[in-house]
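Numbering (the numbering used here), first residue to last: 24 to 292.
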């Protein structure tokens, strides 16, 4: 079998890998649960390539990500649930339905109007999904995935609640809430109650995610950038330790702080 630019070849390869007669033993052992973390991991690797603006890596990582729905659809086909054609039909139908201003006779007055119409259609879809499941009390928080990264889920939950009016009036009010939660963390620390500290730290992080949303900032992206900054600065600390022929663990906090402040000052200059 030869590589191809035709996506049908990828589908054929996946079917061959899962074929009990001559397929790959490892692929044959997998199920939906065993490969789900790969699906998430590949999405993050795509995001990482985008962050780095590395389009050679992006091409490769998009291919790795594309494999995931093909893989899941192949297993679903084997189990008699659906196949890749059903997946493609579902997403094309959804895109057409959610874009009546493109594929219908609705006129959208700019991007904001198009987004509002999209959200209104999604509200109706959630109600229909709840009805199919027999849920007589649907919530605007339904279908916010539990497996989202915690900061991203917090941002999405508060965004949904805000759409029905449950929101802080302005940014200063959210900042005050963050300060309140930080004080409650300090109180919990004084109590020495690990469960209370756990809860209050969670409340603080939730409030910070809400602050980011209110400020129009993606909390996950902001934290990723902070992680990258910490990594870069700590690499400087390690490099300075090597220059001074001393192990970081033997340098002492004062010296390490000095190296850290060097790169901080350089960043701010």
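In this text, a Cβ means the ideal position worked out from N, Cα and C, and glycines have one as well. Owing to the predicted nature of the structure, the values given are computational and were not obtained by experimental measurement.
{"Query": "What number of angstroms, rounded off, separates the C-alpha of residue 298 from the C-alpha of residue 88?", "Result": "The question about residue 298 has no answer, for the chain in this structure spans 24 to 292."}
{"Query": "When you compare each of 57, 94 and 230 to residue 107 by their alpha carbons, which one comes out closest?", "Result": "94"}
{"Query": "Counting only the same chain and skipping the five closest in sequence on each side, list residues whose C-beta sits under 7 Å from that of residue 205.", "Result": "227"}
{"Query": "Quick check on residue 168: buried or exposed, where buried means 16 or more other Cβ atoms within 10 Å of its Cβ?", "Result": "exposed"}
{"Query": "Mind checking which residues open and close the alpha helix (DSSP H) that includes residue 271?", "Result": "271-274"}
{"Query": "In whole angstroms, give me the CA-to-CA distance for residue 73 and residue 81.", "Result": "7 Å"}
{"Query": "Output needed for residue 177: all residues of its chain with C-beta closer than 6 Å, excluding positions within five of it in sequence on either side, in chain order.", "Result": "229 and 232"}
{"Query": "Suppose contacts are defined by Cβ-Cβ distances below 8 Å. Is residue 208 in contact with residue 224 by that definition?", "Result": "yes"}
{"Query": "Over what stretch of residues does the alpha helix (DSSP H) that includes residue 173 continue unbroken?", "Result": "173-185"}
{"Query": "What span of residues does the alpha helix (DSSP H) with residue 314 cover, start to end?", "Result": "Absent from the model: residue 314. The displayed extent of the chain is 24 to 292, so no value can be given."}
{"Query": "So residue 24 is in the alpha helix (DSSP H); what residue range does that whole segment cover?", "Result": "First-last for residue 24: undefined, no H or E at that position."}
{"Query": "Tell me whether residue 156 sits in a helix, a strand or coil according to DSSP, three-state version.", "Result": "coil"}
{"Query": "Pick helix, strand or coil for residue 47, following the three-state DSSP scheme.", "Result": "coil"}
{"Query": "Should residue 67 go down as buried or exposed, given a rule of 16 or more other Cβ atoms within 10 Å for buried?", "Result": "exposed"}
{"Query": "Can you grab the Cα-Cα spacing for the pair residue 103 / residue 109, in whole Å?", "Result": "12 Å"}
{"Query": "Taking C-alpha atoms, which residue in 172, 157, 142 and 289 lies nearest to residue 163?", "Result": "142"}
{"Query": "Mind checking whether residue 98 and residue 44 have CB atoms under 8 Å apart?", "Result": "no"}
{"Query": "Verify whether the separation of the beta carbon atoms of residue 69 and residue 52 is less than 8 Å.", "Result": "no"}
{"Query": "Below 8 Å between beta carbons: does that hold for residue 285 and residue 259?", "Result": "yes"}
{"Query": "Just the Cα atoms here: how many angstroms apart are residue 26 and residue 247?", "Result": "36 Å"}
{"Query": "How long is the line joining the alpha carbons of residue 113 and residue 120, rounded to whole angstroms?", "Result": "10 Å"}
{"Query": "When the Cα atoms are used, what is the spatial distance from residue 150 to residue 237?", "Result": "27 Å"}
{"Query": "Report the three-state DSSP secondary structure of residue 127 (helix, strand or coil).", "Result": "coil"}
{"Query": "Which residues in the same chain as residue 282 place their Cβ atom closer than 6 Å to its Cβ, once the five residues preceding and following it in sequence are excluded?", "Result": "260 and 263"}
{"Query": "What whole-angstrom Cβ distance do residue 199 and residue 211 have, given they're in contact under 8 Å?", "Result": "So it is not a contact: roughly 19 Å between Cβ atoms."}
{"Query": "Looking at the structure shown, is residue 193 part of a helix, part of a strand, or coil, going by DSSP?", "Result": "coil"}
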